[in-house]
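Asks: Residue numbers (the working numbering): 4 to 811.
Built from N, CA and C at the ideal position, the CB exists for glycine as well.
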């Protein structure tokens, strides 16, 4: 927000140095980004009168002129300008002057004659011909005959203006205007805020008989007001109005457009002017657009609308996109004689969505998205009518049209002086706090201990907000820092957080490093992982505003992140790498899921399901399937997760079909682990065997035994038996172990695998597997007969279920 100081001083008396001003404004909440001075580089350019003209003796195209600059003597200037003559008053750059673009002027001789300066065109002062109404084409600028001599010309051209640039937060829509900043400046410096006096001269007639306004969607248009101006004269604006716009960074166009832009800056209220005679039926309808409706903008761009967009229409056609841009079919031209001034309030969210969908951005749409006060409309409309009078641009018809079905009311908030002081660490009196409220137009009621908040301050809704207003106006630098006086609270980690800490510690003990990878991924990841086209993993949540295609979806598996990191390490010649991540995957809800909210902020579907996964990846010369499995067994044991089973899995297309297992916890699938498929490893430029695991963290947490039980050391000795058997190569050791445990009963304390052998002395297609079985009873020493009986059951079970044969 750019605010010229001369404009600001129209509404509040500021008599401090600019540096002190910007410091105080920043401290009170209106952060100043920069202070610029227009035409700062232009120096030593004054007004001078040509008192005599003579032909240059040595050049046909040059003339010698004596110029009066109200100094001790006249100066001589040699010029080729054709449009100046004796008696003209022109801008003169003196010896040592600097012009726009850093051009330096020095006295010197031109074809043998002394020239002590140069006449200036508007371009040399930093303007274009379009900026200055009476600027000549390719010639020196000539001042009016009453221009004083010898004075600095910068103020005449609106230069030398100090413009303060503010960074306004989005919750302070009231400060996106000159008047809003003036109100803040008045409160900051304890000055009177002088709202402009508005009087309108009307010429009779009745605006309400000349046009009507109907709001068909009150949610998207809370208020719509209009005035009618007749006998309009479209032309250049007066100099003072042009200077105001230029100083704030807007280019003057014509008097009607300039008045609407003036209101955009002064009141922060967008306005639009329609050619009244182009409005069919002279009726305004504020309605939603029709499906597929076409509209041509002021810039002659055709766009296609949809019913979510709000439009302004007459009885036959759309004439404007509400809050965004007017239409080519109703624009004001030099032939326009009657206009309808629109001053309305539109829903900022809807304006932003329309602007984004159509890729149309305007100063008006930017203002509306901040959330404007509908109660500001009448004042802005009257001020625009006043400017019509002041500029002689037309005649204001009596009365105004004002459709305001649901008025925005002020809210009232209780205040407590003791609470505010305790909250801020201050000791202000009630009278001081009340004065701060009054300075920003809050209306206090000391009897009821309440404050009524003006409707333009929608950011103030509770007592904490009132305290913030007091703090910024009192001065943050005046508040003495104090220690927190509240009793400290002790935080405690949840069971999940404690378990994650334990997992991290276990992983660290195994030399596995923690990693953090992106949740945003590319759709190409699935091809890289060789995941089938019809796999549920491809049913992803797409991001509506991605950074690019590589970050356009939410991940459904964590494998890619860890594999990418392992690939980076491998290709940087790291011989052994082991990484783990505890991160989320995002599962898309079903298409028939109901929205989670109603109204304008509703999501199309419910939010995705976020599931935490423990992912482990490892490669290296000392890593194989069994060592990787052993680490997982250690993890489950350390977490006190019982009833863990490993089942062969040949269904995962991205895993090696013969070296992959499913992890079952209490019979429920908790994830998988094993060797990555060679093709996937190749896709990631990994020329080695890579082992991966992905487990559901919630399933692990639910299976943890939280109540550990201890028992005394056994009193009676254990007895061991070794068995070695021949089984088919296809038989899994886990299947044998499962049968042994089932058949061993209560007397079997432990089973340990100690040998697997294939080769000489073993029949083709078979392998030898040997277990140690440990037996013990809690109440007695076992006899050989008891152990032999159990062993017989075990051997029978192995033979029947697994085809095992006891080795000789």
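Quick one: Cα of residue 380 to Cα of residue 341, how far?
Replies: Numbered from 1 along the chain shown, position 377 holds the residue referred to as residue 380. Numbered from 1 along the chain shown, position 338 holds the residue referred to as residue 341. Whole-angstrom Cα-Cα distance: 21 Å.
Asks: According to DSSP, residue 447 sits in a beta bridge with which residue or residues?
Replies: Residue 447 sits at position 444 when you count from the first residue of the chain shown. Paired residues: 454.
Asks: Opposite residue 66 in the DSSP bridges: which residues?
Replies: Here residue 66 refers to the residue found at position 63 when the chain shown is read from its first residue. Answer is 58, 82.
Asks: CB residue 411 to CB residue 377, shorter than 7 Å?
Replies: Position 408 of the chain shown, counting from 1, holds the residue named residue 411. Position 374 of the chain shown, counting from 1, holds the residue named residue 377. Contact flag set, yes.
Asks: Roughly how many whole angstroms lie between the Cα atoms of residue 184 and residue 27?
Replies: By one-based count along the chain shown, residue 184 stands at place 181. By one-based count along the chain shown, residue 27 stands at place 24. Whole-angstrom Cα-Cα distance: 13 Å.
Asks: Within a Cβ cutoff of 7 Å, which residues of the same chain sit near residue 218, ignoring the five residues on either side of it in sequence?
Replies: What you label residue 218 is simply residue 215 of the chain shown in a count that begins at 1. Cβ neighbours of residue 218 beyond the five flanking positions: 224, 227, 289, 406, 408.
Asks: Assign residue 215 to one of three DSSP states: helix, strand, or coil.
Replies: Sequence index remark: in the chain shown, residue 215 carries index 212 (1-based). Strand.
Asks: Using CA atoms only, rank isn't needed, just tell me which of 551, 560, 472, 743 is closest to residue 807.
Replies: In the chain shown, counting from the first residue as 1, residue 807 sits at position 804. The option with the nearest alpha carbon to residue 807 is 743.
Asks: Can you tell me whether residue 370 is helix, strand or coil according to DSSP?
Replies: Locating residue 370 in the chain shown gives position 367, counting from the first residue. Residue 370 falls in the helix class under three-state DSSP.
Asks: Can you tell me whether residue 643 is buried or exposed? The criterion is at least 16 other CB atoms within 10 Å of its CB, across all chains shown.
Replies: Here residue 643 refers to the residue found at position 640 when the chain shown is read from its first residue. Exposed: under 16 other Cβ atoms inside 10 Å.
Asks: When you compare the stretch 675–684 with the stretch 523–539, are there three or more beta-carbon pairs, one atom per stretch, that lie closer than 8 Å?
Replies: Contact between the stretch 675–684 and the stretch 523–539 is present, because at least three Cβ pairs lie under 8 Å.
Asks: As an exercise, report each continuous alpha helix (DSSP H) stretch of at least 4 residues that is fully enclosed by the stretch 488–568, in chain order.
Replies: Fully enclosed alpha helix (DSSP H) runs of 4 or longer: 498–512, 528–531.
Asks: Specify, as a first and last residue, the run of the beta strand (DSSP E) that residue 665 falls within.
Replies: On the chain shown, position 662 is the one that residue 665 refers to. Unbroken beta strand (DSSP E) run through residue 665: 658–668.
Asks: DSSP on residue 682, reduced to helix/strand/coil?
Replies: Along the chain shown, read from residue 1 onward, the residue named residue 682 stands at position 679. DSSP places residue 682 in helix when its eight states are reduced to three.
Asks: From residue 215 to residue 238, what does the alpha carbon distance come to, in whole angstroms?
Replies: The residue you call residue 215 lines up with position 212 of the chain shown. The residue you call residue 238 lines up with position 235 of the chain shown. When rounded, the distance between both Cα atoms is 28 Å.
Asks: Starting from residue 386, trace the alpha helix (DSSP H) in both directions and tell me its first and last residue.
Replies: Position 383 of the chain shown, counting from 1, holds the residue named residue 386. 380–394 is the extent of the alpha helix (DSSP H) around residue 386.
Asks: According to DSSP, simplified to helix, strand and coil, what is residue 146?
Replies: The residue you call residue 146 lines up with position 143 of the chain shown. If DSSP states are grouped into helix, strand and coil, residue 146 belongs with coil.
Asks: By alpha-carbon positions, which one of 444, 352, 402, 156 ends up nearest to residue 413?
Replies: Against the chain shown, residue 413 aligns to sequence position 410. Here the closest residue by C-alpha is 444.
Asks: Please tell me whether residue 86 and residue 129 are closer than 7 Å, where the distance is taken between their beta carbons.
Replies: The count along the chain shown starts at 1 and reaches residue 86 at position 83. The count along the chain shown starts at 1 and reaches residue 129 at position 126. No.
Asks: Taking the beta carbon of residue 261 as the centre, do at least 16 other beta carbons fall within 10 Å, making it buried, or is it exposed?
Replies: Counted from its first residue, the chain shown places residue 261 at position 258. Burial call: buried.
Asks: Where does residue 7 land, buried or exposed, given buried means 16+ other C-beta within 10 angstroms?
Replies: Along the chain shown, one-based indexing puts residue 7 at 4. By the 10 Å Cβ count, residue 7 comes out buried.
Asks: Is residue 272 helix, strand or coil by DSSP?
Replies: Counting from 1 along the chain shown, the entry for residue 272 is found at position 269. DSSP places residue 272 in coil when its eight states are reduced to three.
Asks: I need the DSSP call for residue 733, collapsed to helix, strand or coil.
Replies: One-based indexing of the chain shown puts residue 733 at position 730. In the structure shown, residue 733 sits in coil (DSSP, three-state: anything other than H, G, I, E or B).
Asks: How do the stretch 113–120 and the stretch 55–68 stand: do at least 3 beta-carbon pairs fall below 8 Å, yes or no?
Replies: The stretch 113–120 is in contact with the stretch 55–68.
Asks: Just how far apart, CA to CA, sit residue 753 and residue 518?
Replies: Translated into the one-based positions of the chain shown, residue 753 becomes position 750. Translated into the one-based positions of the chain shown, residue 518 becomes position 515. About 37 Å.
Asks: On the premise that residue 460 lies in contact with residue 177, defined as a C-beta separation below 8 Å, what is that separation, rounded to the nearest angstrom?
Replies: The count along the chain shown starts at 1 and reaches residue 177 at position 174. The count along the chain shown starts at 1 and reaches residue 460 at position 457. At roughly 6 Å, the Cβ-Cβ gap stays under 8 Å, so residue 177 and residue 460 are in contact.
Asks: Apply the 10 Å Cβ neighbour rule to residue 576 and answer buried if 16 or more other Cβ atoms are within range, or exposed otherwise.
Replies: The sequence position of residue 576 within the chain shown is 573, counting from 1. Counting Cβ neighbours within 10 Å, residue 576 comes out exposed, since fewer than 16 surround it.
Asks: Does DSSP put residue 13 in a helix, a strand or coil?
Replies: Walking along the chain shown from the start, residue 13 turns up at place 10. Residue 13: coil per DSSP, three-state reduction.
Asks: Among the residues of its own chain, which have a CB less than 6 Å from the CB of residue 279, if the five just before and after it don't count?
Replies: Taking the first residue of the chain shown as 1, we reach residue 279 at position 276. Only 341, 342, 343 meet the Cβ criterion.
Asks: Hey, quick one: how far does the alpha helix (DSSP H) through residue 800 stretch, first residue to last?
Replies: Here residue 800 is taken as the residue at index 797 of the chain shown, counted from 1. 787–805 is the span of the alpha helix (DSSP H), which, as asked, contains residue 800.
Asks: Residue 586 bridges to which residues according to DSSP?
Replies: Along the chain shown, one-based indexing puts residue 586 at 583. In the DSSP output, where bridge partners are listed per residue, residue 586 has 616.
Asks: Rounded to whole angstroms, what's the CA-CA distance from residue 242 to residue 396? Just pull it up for me.
Replies: Position 239 of the chain shown, counted from the start, is the residue given in the question as residue 242. Position 393 of the chain shown, counted from the start, is the residue given in the question as residue 396. Going from the Cα of residue 242 to the Cα of residue 396 covers about 14 Å.
Asks: Thinking just about the alpha-carbon of each residue, which of 391, 96, 163, 23 is nearest to the one in residue 192?
Replies: If you number the chain shown from 1, residue 192 lands on position 189. The option with the nearest alpha carbon to residue 192 is 23.
Asks: Only counting the same chain, and skipping five residues up and downstream in sequence, which positions put a Cβ closer than 7 Å to that of residue 731?
Replies: The residue you call residue 731 lines up with position 728 of the chain shown. Answer for residue 731: 768, 769, 806, listed in chain order.
Asks: By a C-beta neighbour count over all protein chains shown, 10 Å radius and 16 as the cutoff for buried, is residue 474 buried or exposed?
Replies: If you number the chain shown from 1, residue 474 lands on position 471. By the 10 Å Cβ count, residue 474 comes out buried.
Asks: Report yes if the C-beta distance between residue 145 and residue 93 is below 7 Å; otherwise report no.
Replies: Indexing the chain shown from 1 puts residue 145 at position 142. Indexing the chain shown from 1 puts residue 93 at position 90. Against a cut-off of 7 Å, the Cβ pair of residue 93 and residue 145 comes out as a contact.
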